[in-house]
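Participant:
Residue numbers (my numbering), protein chains in the order written: chain Z, 1 to 209; chain U, 210 to 466.
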């Protein structure tokens, strides 16, 4: 079944056209890499899917239903999103994580504390980092924490916006390896890193202006 | 003891005193003279009008008229708080007006009935005057809370979107900005409360003592009014913020200021 369909989507900010007549379809379980020059509004694509931005014309269908306010909330609870700019605010990492997990729709995630140590080891994050304030974290640390959080949310759809941009090569490999093993997941990736091409069965969608 | 009157000569002498700042302005080329004269003129006209209104409000002392006057004051305060932040009056007036009506009415009626125990809760001398004092402060708080909240949430939109994507409801997602802005709006009054009587003699107390009250009585009134003002301010800040969020942030988190 088609998870996401874009039909003739048009989006512009002021005079700058971001998407003109954009159409594509993504099936549940597919792995998709969006390609296009930077500054092309690939980030806007994810913000349209998550309902943070609205299309100017055209339709977005989610599970064959038009993306409407009524389904946005449910959709956001299904999708794990790793944004390009990761901002957890000013607080201590551990406390912020606790807060995210205390959101009404996340309280069902009772086992995240047990799952975390393993992920910290896998993504090479020292546990002392959890006691730091978020603004003290480096770009790579933020990225890894955002990926760990996305995994802990226990959702099957991933929207990853440049998830490996700030990571060194071995770590990029590890991230890609992790997602290649997630056979259950639907992946939507925006990345300039060539390593993502090697993900088995990845489908390319070009975003041309 | 009766307060000495200020006669025409006294009023002229009062205006003459302005020669000092004007001379300083001229000497230092501050170019403040125009602004200074305009604001002093506004102050004189506004207070003169207020004096006339209050004369009649106190003379007639009709409950409905006092209430009407109160609502007009709240509306003016709402207008001023919204305009100061360059927000849309159409979208914001109901939440802000509602918040102030609830908070200030509660505070002034509490003051009138439980602190000074008067029978006529809506009598002009107390209801109109006390609510005016409370209102001014609530308005200052609301100006800060709206400014901090809506400026920061728009500046930090990406962080807000991220929280929504994690599954937060709109109020869960807005929590950091709600906290920040309420704290910022109350910090000034908490700071002034702590130094009250040390660095300044509060205006109302001064007025009462000039009017012949004993210092102890004036001080008791001052204590009560400080607490009532603080409570009203906090309640109106919190209500104004929550009501306005309900009005301009959709359930899905879209902000339409």
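The beta-carbon is built from N, C-alpha and C at its ideal position, and this holds for glycine as well. Computed from a predicted model, the values in this text were never measured in an experiment.
For residue 381 of chain U, return the contacting residues in chain Z, with the cut-off set at a CB-CB distance below 8 Å.
Facilitator: Residues of chain Z passing the Cβ test: 103 and 104.
Participant: How long is the line joining the alpha carbons of residue 55 of chain Z and residue 45 of chain Z, rounded to whole angstroms?
Facilitator: Rounded to the nearest angstrom, the two C-alpha atoms are 10 Å apart.
Participant: Just how far apart, CA to CA, sit residue 424 of chain U and residue 311 of chain U?
Facilitator: One C-alpha to the other measures close to 32 Å.
Participant: Out of curiosity, what's the CA-to-CA distance linking residue 257 of chain U and residue 250 of chain U?
Facilitator: Each residue's alpha carbon lies about 11 Å from the other.
Participant: Can you list the residues of chain Z that residue 419 of chain U reaches, using a CB-CB cut of under 7 Å?
Facilitator: In chain order: nothing, as chain Z lies at least about 48 Å away.
Participant: In this structure, how does DSSP classify residue 310 of chain U when only helix, strand and coil are distinguished?
Facilitator: Helix, per DSSP.
Participant: Can you name the residues that DSSP bridges to residue 288 of chain U?
Facilitator: Note: residue 288 of chain U sits in no beta bridge, so no partner.
Participant: What does residue 153 of chain Z touch in chain U if you count any residue whose Cβ is under 8 Å from its own?
Facilitator: Neighbours of residue 153 of chain Z on chain U, chain order: 375 and 376.
Participant: Tell me whether residue 463 of chain U sits in a helix, a strand or coil according to DSSP, three-state version.
Facilitator: Correct three-state label for residue 463 of chain U: coil.
Participant: So which residues of chain U does residue 100 of chain Z contact, with C-beta pairs closer than 7 Å?
Facilitator: Within chain U, the residues near residue 100 of chain Z are 375.
Participant: Does the distance from the CB of residue 20 of chain Z to the CB of residue 10 of chain Z come in under 8 Å?
Facilitator: Against a cut-off of 8 Å, the Cβ pair of residue 10 of chain Z and residue 20 of chain Z comes out as a contact.
Participant: Based on DSSP bridge pairs, tell me the residues matched to residue 229 of chain U.
Facilitator: Residue 229 of chain U pairs with nothing; no bridge assigned.
Participant: Give the interface partners of residue 368 of chain U over in chain Z, defined as CB-CB distance under 7 Å, in chain order.
Facilitator: Correct list: 87 and 89.
Participant: Would you say residue 142 of chain Z faces chain U, with C-beta separation under 8 Å as the test?
Facilitator: No, residue 142 of chain Z lies away from the interface with chain U (no Cβ there is under 8 Å from its Cβ).
Participant: Return the first residue and the last residue of the beta strand (DSSP E) that residue 328 of chain U is part of.
Facilitator: Per DSSP, residue 328 of chain U belongs to no beta strand (DSSP E) and is neither H nor E.
Participant: Starting from residue 454 of chain U and walking both ways along the alpha helix (DSSP H), at which residues does that stretch end?
Facilitator: That run of the alpha helix (DSSP H) goes 424-457.
Participant: Would you give the residue range spanned by the alpha helix (DSSP H) that residue 21 of chain Z belongs to?
Facilitator: From DSSP, residue 21 of chain Z is part of no alpha helix (DSSP H) but of the beta strand (DSSP E) over 16-27.
Participant: For residue 42 of chain Z, does the count of other Cβ atoms within 10 angstroms reach 16, so buried, or fall short, so exposed?
Facilitator: The residue is buried, with at least 16 neighbouring Cβ atoms inside 10 Å.
Participant: Give a yes or no on whether the C-beta atoms belonging to residue 6 of chain Z and residue 23 of chain Z are separated by under 8 Å.
Facilitator: Yes, these two residues count as a Cβ contact at 8 Å.
Participant: Listed from N- to C-terminal order along the chain, which residues in the stretch 46-76 of chain Z have their beta-carbon within a distance smaller than 8 Å of any beta-carbon of chain U?
Facilitator: Those residues of the stretch 46-76 of chain Z that come within reach of chain U (Cβ to Cβ, closer than 8 Å) are 47, 50, 51, 52, 69, 72, 73 and 76.
Participant: DSSP state of residue 67 of chain Z, grouped into three classes?
Facilitator: Looking at residue 67 of chain Z - three-state DSSP - the assignment turns out to be coil, as it is neither helix nor strand.
Participant: Are residue 189 of chain Z and residue 134 of chain Z close, meaning C-beta to C-beta below 8 Å?
Facilitator: Cβ atoms of residue 189 of chain Z and residue 134 of chain Z: not closer than 8 Å.
Participant: Per DSSP, what kind of secondary structure is residue 396 of chain U in: helix, strand or coil?
Facilitator: Helix, per DSSP.
Participant: Can you find the residues in the same chain that come closer than 7 Å, C-beta to C-beta, to residue 462 of chain U, ignoring five residues on each side of it along the sequence?
Facilitator: 373, 379 and 382.
Participant: DSSP on residue 102 of chain Z, reduced to helix/strand/coil?
Facilitator: DSSP places residue 102 of chain Z in coil when its eight states are reduced to three.
Participant: Is the CB-CB distance between residue 141 of chain Z and residue 125 of chain Z below 8 Å?
Facilitator: Taking 8 Å as the Cβ cut-off, residue 141 of chain Z and residue 125 of chain Z qualify as a contacting pair.
Participant: On a CA-only basis, which of U:325, U:363 and U:220 is nearest residue 466 of chain U? Give me that one, please.
Facilitator: The shortest Cα separation from residue 466 of chain U among U:325, U:363 and U:220 belongs to U:363.
Participant: Taking residue 343 of chain U and residue 438 of chain U to be in contact with their CB atoms under 8 Å, please state how far apart those CB atoms are, rounded to whole angstroms.
Facilitator: With a Cβ gap of about 5 Å, residue 343 of chain U and residue 438 of chain U count as contacting.
Participant: Is there a C-beta anywhere in chain Z that falls below 8 Å from the one on residue 371 of chain U?
Facilitator: Taking Cβ atoms only, chain Z reaches closer than 8 Å to residue 371 of chain U, which makes this a yes.
Participant: Quick check on DSSP: helix, strand or coil for residue 194 of chain Z?
Facilitator: Here residue 194 of chain Z sits in helix by DSSP.
Participant: Can the beta-carbon of residue 52 of chain Z be found less than 8 Å from the beta-carbon of residue 375 of chain U?
Facilitator: No, the Cβ-Cβ distance between residue 52 of chain Z and residue 375 of chain U is not below 8 Å.
Participant: Could you tell me which chain Z residues have their CB closer than 7 Å to the CB of residue 461 of chain U, listed as they occur along the chain?
Facilitator: Residues of chain Z passing the Cβ test: 51, 69, 72 and 73.
Participant: Assess contact between the stretch 316-326 of chain U and the stretch 256-273 of chain U, defined as three or more Cβ pairs (one per stretch) separated by less than 8 Å. Is contact present?
Facilitator: Counting Cβ pairs under 8 Å, fewer than three are found: no touch.
Participant: Under a three-way DSSP split, which group does residue 183 of chain Z fall into?
Facilitator: If DSSP states are grouped into helix, strand and coil, residue 183 of chain Z belongs with coil.
Participant: Just to confirm, are residue 87 of chain Z and residue 367 of chain U a CB contact at a threshold of 8 Å?
Facilitator: Against a cut-off of 8 Å, the Cβ pair of residue 367 of chain U and residue 87 of chain Z comes out as a contact.
Participant: Between residue 385 of chain U and chain Z, is any beta-carbon pair separated by less than 8 Å?
Facilitator: Judged by the 8 Å Cβ criterion, residue 385 of chain U is in contact with chain Z.
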